[in-house]
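Just so you know, the protein sequences line up as chains V and R, in that order. This note's numbering numbers the first residue of the first sequence as 1 and each following residue consecutively. This note's numbering numbers the first residue of the second sequence as 1 and each following residue consecutively.
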Amino acid sequence: MSTVTMNPVVPEGVSLPIYMDNHATSPMDPRVLEAMIPYFSGKFGNAASRNHSFGWEAEQAVEQAREQIARLIGATAKEIIFTSGATESNNLAIKGIAEMYRERGNHIITQVTEHKAVLDTCKRLEKYGYRVTYLPVKADGLIDLDDLRRAIDDKTILVTIMSANNEIGVVQPVAEIGKICHEKGVIFHTDAVQAVGKIPVDVQAMQIDVLSLTAHKIYGPKGVGALYVRRRNPRVQIASQIDGGGHERGMRSGTLNVPGIVGLGKACEIAMQEMATEAERLRAMRDHLRARMEAELDYVEVNGSWKHRLPGNLNMSFIYVEGESLLMGINDVAVSSGSACTSATLEPSYVLKALGLGDDVAHSSIRFGLGRFNTMAECDYVADKVIGIVKKLRELSPLYEMVKEGIDLSKIEWAAH
Amino acid sequence: MAYSDKVVDHYNNPRNVGALDKSSEEVGTGLVGAPECGDVMRLQIRVNPETQVIEEAKFKTFGCGSAIASSSLATEWVKGKTIAEAMEIKNTDIVKELALPPVKIHCSVLAEDAIRAAIGDWKKKNGVAETEAVAAN
């Protein structure tokens, strides 16, 4: 049937499968692993043991990591709290602030394309008598700052808006949000999981009060994250959600994951040194990938703002092709889709729907998440592969045929099932 | 999600892809599903007016691999069958043949709907009485 190349030549230096899903998780940098190894066996001490060298050694490593993390985001070491990852950081931030500032107010503002770790935490708080405003986003995925200004009232205690989105890579106007929050005396938390280490994040310049980050998105290990909690101007207090030995200034009890923390610290140190050059490299690869596909395929659309976007993110819809069938055809490339068929719920991506995209466009979307270890040769292979499969599937697509014949699909009475 | 070998085979080598002349008296067209749901199937049959045997079947599907496989299989199965025999094809047969997981059963339902819609269209064109309910399209 098709004359397109279904199995393009694998370029030299490229080994299959190719991992291009770095928003989900990233491979660990060998330098991070190397830094962690001594802390699994030889240097196994409990960082809370104050009376012997094993404990001191572990504590020293933890404090060094705190410094490394703080430096990357413009904070001080004392403002860093270790957690098990960003889901915990988000839970601790939102629930901890809600509890601590309950007497001041019960209103929280967030937005619709947040990660579920934020949205579902807010939903739970609604059950406990909190009022939550879910700001909409514009077609480009950004919130409207006037909406935010209008939403803040005298009961607002917290604004939680992500720095960058995990699906479409759209970067919110964090500094402007911080400014508005500080003018109104409201605490500003940001889920910066996708942004930290990828684009400059500075808690002072951006007036961020509380920030969630995690190691495994920045080439560190899974199971370790951190929460930045501002200590001055203003001092933010958080009610602990896990009680016990009073670790982490009482905000998060539990023996510290020393090897993981060392890994997170090292990952931040590397990011700090390499972020600028890496971002440029990722942007070049990402732009190339987009240009190749746009040159050879019609009816492709980039989802979300192109200007305000993480350098490694490309979220594209290949209209008239269903996302899961596309993934099936590129099974030697790891990417993800906003298609319903790839989720357990059979609902297409709520993030794409929030942009106002039709379900059909959302069903056709693929997220390419480029990372440190991807190469230009890989991008060419992926482009070849995607172009070939999209062409093949469009030969199979009644919708593509109808559109090519000039039929307006919106005029057809579809029998929804 | 892991796909059965048969789904992968139909996906890689879909049978009977294409279109028949929908204005022909001998051709019945079924278009089922909706773009918003992520599945649209178009199944067409060409029926011998003398014998009522389906001599040709073509499909095009927008949908996941299981939807493509279900409709590809449906075209294989209806070919050579009479209209009455083709009406006997059940979605559960498709589920069994392709080893579809529960979350993909709707793909087989859609394929059954597509067969019935194509037959219904052919019957309408040829003034054949509806002997049983045909999936409305």
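Even glycine gets a Cβ: it sits at the ideal position worked out from N, Cα and C. These numbers come from a predicted model, not from an experiment.
Give me, in chain order, the residues of the same chain whose beta-carbon lies closer than 6 Å to that of residue i; leave out the 5 immediate sequence neighbours on both sides.
i, result
"R/Glu109", "Sequence inspection shows Val at residue 109 of chain R; the Glu mentioned does not correspond to that position. Excluding residues within five positions, the ones whose Cβ falls inside 6 Å are Asn91."
"R/Leu20", "Val27, Gln44, Arg46 and Lys58"
"R/Gly18", "Lys58"
"V/Gly421", "There is simply no residue 421 of chain V to check, as chain V begins at 1 and stops at 417 in what is shown."
"R/Glu112", "Asn91"
"R/Phe62", "Val40"
"V/Asp359", "Pro348"
With DSSP as the reference, please indicate the residues paired to residue i in a beta bridge.
i, result
"V/Asp365", "The sequence given here has Ser at residue 365 of chain V, not Asp. V/Ser365 is bridged to V/Ser317."
"V/Glu301", "V/Ser317"
"V/Asp427", "With chain V covering 1 to 417 only, the question about residue 427 of chain V has no answer from this structure."
"R/Met41", "R/Val32 and R/Thr61"
"V/Gln207", "In DSSP, V/Gln207 forms no bridge with anything."
"V/Gln111", "V/Leu135"
"V/Glu63", "Paired residues: none, contrary to the question."
"V/Asp191", "V/Ser212"
In whole angstroms, give me the CA-to-CA distance for residue i and residue j.
i, j, result
"V/Lys138", "V/Gly244", "43 Å"
"V/Ala239", "V/Ser337", "37 Å"
"V/Thr133", "V/Arg150", "11 Å"
"R/Asn137", "R/Glu85", "Confidence in R/Asn137 is poor, its pLDDT being 41 and thus under 50, which makes the residue's placement unreliable; the coordinate value appears in the next sentence. Taking the straight line joining both Cα atoms gives about 21 Å."
"V/Ala334", "V/His363", "17 Å"
"R/Lys79", "R/Leu73", "10 Å"
"V/Ile81", "V/Glu405", "60 Å"
"V/Ser349", "V/Glu12", "36 Å"
"R/Ser66", "V/Leu264", "41 Å"
"V/Pro381", "V/Val390", "As written in the sequence, residue 381 of chain V is Tyr, which differs from the Pro given in the question. Going from the Cα of V/Tyr381 to the Cα of V/Val390 covers about 14 Å."
"V/Gly169", "V/Leu310", "5 Å"
"V/Ala77", "V/Val203", "13 Å"
"V/Pro200", "V/Arg286", "19 Å"
"V/Val4", "V/Lys392", "Because V/Val4 sits at a pLDDT of 49, beneath the cut-off of 50, its placement in the model cannot be relied upon, and the following sentence gives the value as read from the coordinates. Roughly 7 Å separates the two Cα atoms."
"R/Lys6", "V/Ser325", "15 Å"
"V/Met36", "V/Gly129", "43 Å"
"V/Gly250", "V/Ile97", "14 Å"
"V/Pro221", "V/Glu63", "18 Å"
"V/Met272", "V/Leu72", "6 Å"
"R/Val128", "R/Leu100", "34 Å"
"V/Leu135", "V/Ser212", "20 Å"
"V/Glu347", "R/Thr51", "44 Å"
To which residues of the same chain is residue i closer than 8 Å at the C-beta, ignoring the five residues directly before and after it?
i, result
"V/Arg31", "Lys266 and Ile270"
"V/Ile18", "Asp332, Val333, Ala334, Asn374, Glu378, Tyr381 and Val382"
Using a cut-off of 7 Å between C-beta atoms, extract the partners of residue i located in chain R.
i, result
"V/Tyr299", "What V/Tyr299 touches in chain R: nothing, since even the nearest Cβ is about 12 Å away."
"V/Leu16", "Simply none; closest approach about 17 Å."
"V/Ser339", "Gly38"
"V/Gly225", "Ordered by position in chain R, no residue passes the 7 Å Cβ test against V/Gly225, which lies about 29 Å from the chain."
"V/Gly358", "Glu36"
"V/His363", "Gly38"
Would DSSP call residue i helix, strand or coil?
i, result
"V/Val258", "helix"
"V/Tyr381", "helix"
"R/Leu31", "strand"
"R/Glu138", "Nothing in the structure corresponds to residue 138 of chain R, since chain R is present only between 1 and 137."
"V/Glu413", "coil"
"V/Gly338", "coil"
"V/Phe44", "coil"
"R/Asp5", "helix"
"V/Arg71", "helix"
"R/Ser70", "helix"
"V/Asp419", "No statement about residue 419 of chain V is possible, as the shown extent of chain V runs from 1 to 417 and does not include it."
"V/Thr133", "strand"
"V/Leu158", "strand"
"V/Ala226", "strand"
"R/Asp121", "helix"
"V/Ile454", "Residue 454 of chain V lies beyond the residue range present for chain V, which begins at 1 and ends at 417; the question has no answer from this structure."
"V/Thr3", "With a pLDDT of only 44 at V/Thr3, under the threshold of 50, the placement of this residue in the model should not be trusted; the figure read from the coordinates follows. Of the three classes helix, strand and coil, the one that applies to V/Thr3 here is coil, per DSSP."
Can you list the residues of chain R that residue i reaches, using a CB-CB cut of under 8 Å?
i, result
"V/Leu355", "Under the 8 Å cutoff, chain R gives no residues; its nearest Cβ is about 15 Å from V/Leu355."
"V/Ser325", "Tyr11, Gly63, Cys64, Gly65, Ala67 and Ile68"
"V/Ala24", "In chain order: nothing, as chain R lies at least about 16 Å away."
"V/Leu352", "Neighbours of V/Leu352 on chain R: none; closest Cβ ~13 Å, over 8 Å."
Could you check if residue i belongs to the surroundings of the ligand NAP, using beta carbon to heavy atom distance under 7 Å?
i, result
"V/Val302", "For the structure depicted, the ligand NAP is absent and the ligand set is empty, with no information on it obtainable."
Can you pull the chain R neighbours of residue i, defined as C-beta to C-beta under 9 Å?
i, result
"V/Met162", "Chain R residues near V/Met162: none, gap ~27 Å exceeds 9 Å."
"V/His288", "Ordered by position in chain R, no residue passes the 9 Å Cβ test against V/His288, which lies about 28 Å from the chain."
Mind listing the chain V neighbours of residue i? Cutoff is C-beta to C-beta under 7 Å, in chain order.
i, result
"R/Lys164", "No answer is possible for residue 164 of chain R: it lies beyond the span of chain R, which begins at 1 and ends at 137."
"R/Val32", "Ala415"
"R/Pro14", "Leu396"
Using C-beta distances below 7 Å, list every residue in its chain close to residue i, excluding the 5 sequence neighbours before and after it, in chain order.
i, result
"V/Asp153", "His107"
"V/Thr83", "Ser89, Leu92, Gly225, Ala226, Leu227 and Arg252"
"V/Asn46", "Gly55, Ala58 and Thr255"
"V/Gln241", "Asn91, Leu92, Lys95 and Gly96"
Using the beta-carbon of each residue, which ones in chain V are nearer than 8 Å to residue i?
i, result
"R/Arg159", "The structure shown does not extend to residue 159 of chain R, since chain R is modelled only from 1 to 137, so the question has no answer here."
For residue i, go through chain V and note every residue whose CB falls closer than 9 Å to its CB, in chain order.
i, result
"R/Val27", "Near R/Val27 there are no residues of chain V at all, since even the closest Cβ is about 15 Å away, more than 9 Å."
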